Amino acid sequence: MLAICGNDALRELSSPGKSGSFFYLTQDDRFMIKTVKKSEVKVLIKMLPRYYQHVSRYENSLVTKFYGVHCMKPVGGIKTRFIVMGNMFCSDYRIHRRFDLKGSSHGRTTDKPEGEIDETTTLKDLDLNFVFRLQSNWYQELIKQIHRDCEFLEAERIMDYSLLVGLHFRDENSGDKMGLSPFMLRAGTMLCHYNS
């Protein structure tokens, strides 16, 4: 609770998404707050028992971890609905590249010029120019979990979802000869460590 209610202000992320939602990060980067519409709140509350069952059963689920659904209305102000969820990119590792992958090519490039792309830019499917080589058992587990999560989202009639991938480029002097270390599955994201 201190992360959300502490003295430090929330940090607003650069721009609202296509939905018009605003995103904020807590001062310690552990939680993200997103403003949502009433219809989104209804969907989340309706699916809550099945969501809880899914994320409890599959601890490596890539589905976003939700921690709260809230509504507030200041005296004389407008009602604001928001959700508190885990920040998918909160890590001990610096994230050098972020990708939002939908498995589509239509409109799936960033609109930023190459020179303006930095670590905070969320890149899309057609911006991905890396090849990932995973050990067979890691690959099998990842694919199995993606299938489980997709089946859950389909059963809930949620159609707009994506895989968020964060890349950490290792220092060439680290001594580790593997191209990719064991990835860590996090809430809603796959964090990979990649040799530069």
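Going by full-length UniProt numbering, the first residue of the sequence shown is number 1, and it counts up by one from there. Every residue, glycine too, gets a C-beta built ideally from N, C-alpha and C. Keep in mind the model is a prediction, meaning the values are calculated, not measured.
Asked                                                                                                                                                                  : Found
Let me make sure I understand the geometry here. Which of K46, Y52, I45 and A9 has the alpha-carbon closest to that of M32?                                            : A9
Taking just the CA atoms, how far does M159 sit from residue 227?                                                                                                      : Lying outside 1 to 196, the shown extent of the chain, residue 227 is not represented and no answer is given.
For L123, which residues in the same chain have their Cβ closer than 6 Å to its Cβ, ignoring the five residues on either side in sequence?                             : F99 and T110
Where does residue 197 sit, in a helix, a strand or coil, going by DSSP?                                                                                               : Nothing can be reported for residue 197, as the shown portion of the chain is limited to 1 through 196.
Determine the DSSP secondary structure at R57, reduced to helix, strand or coil.                                                                                       : helix
For T35, which option in Y52, I78 and Q27 has the closest C-alpha, if you only look at C-alpha atoms?                                                                  : I78
Are three or more beta carbon pairs between the stretch 89–96 and the stretch 58–75 nearer than 8 Å?                                                                   : no
Return the first residue and the last residue of the beta strand (DSSP E) that H70 is part of.                                                                         : F66 to M72
Confirm, please, whether the CB-CB distance from L101 to V165 is below 8 Å.                                                                                            : yes
Please specify which runs of the beta strand (DSSP E), each continuous and at least 3 residues long, are wholly inside the stretch 80–167, giving them in chain order. : 80–86, 97–101 and 122–124
Using a Cβ-based criterion (distance less than 7 Å to any ligand heavy atom), does L153 qualify as near the ligand MN?                                                 : The ligand MN is absent from the structure shown, which contains no ligand whatsoever.
Using DSSP with H/G/I as helix, E/B as strand and the rest coil, what is V36?                                                                                          : strand
Is it buried or exposed, S39, if we count other Cβ atoms within 10 angstroms and call 16 or more buried?                                                               : exposed
Please state if the CB of V41 and the CB of E54 are separated by a distance shorter than 8 Å.                                                                          : In the sequence as presented, Glu is not what sits at residue 54; that position holds His. The answer is no: Cβ separation not under 8 Å.
So, under 8 Å CB-CB, G86 and K112 are touching, yes? Tell me the CB distance rounded to an integer number of Å.                                                        : 26 Å between Cβ atoms; not a contact.
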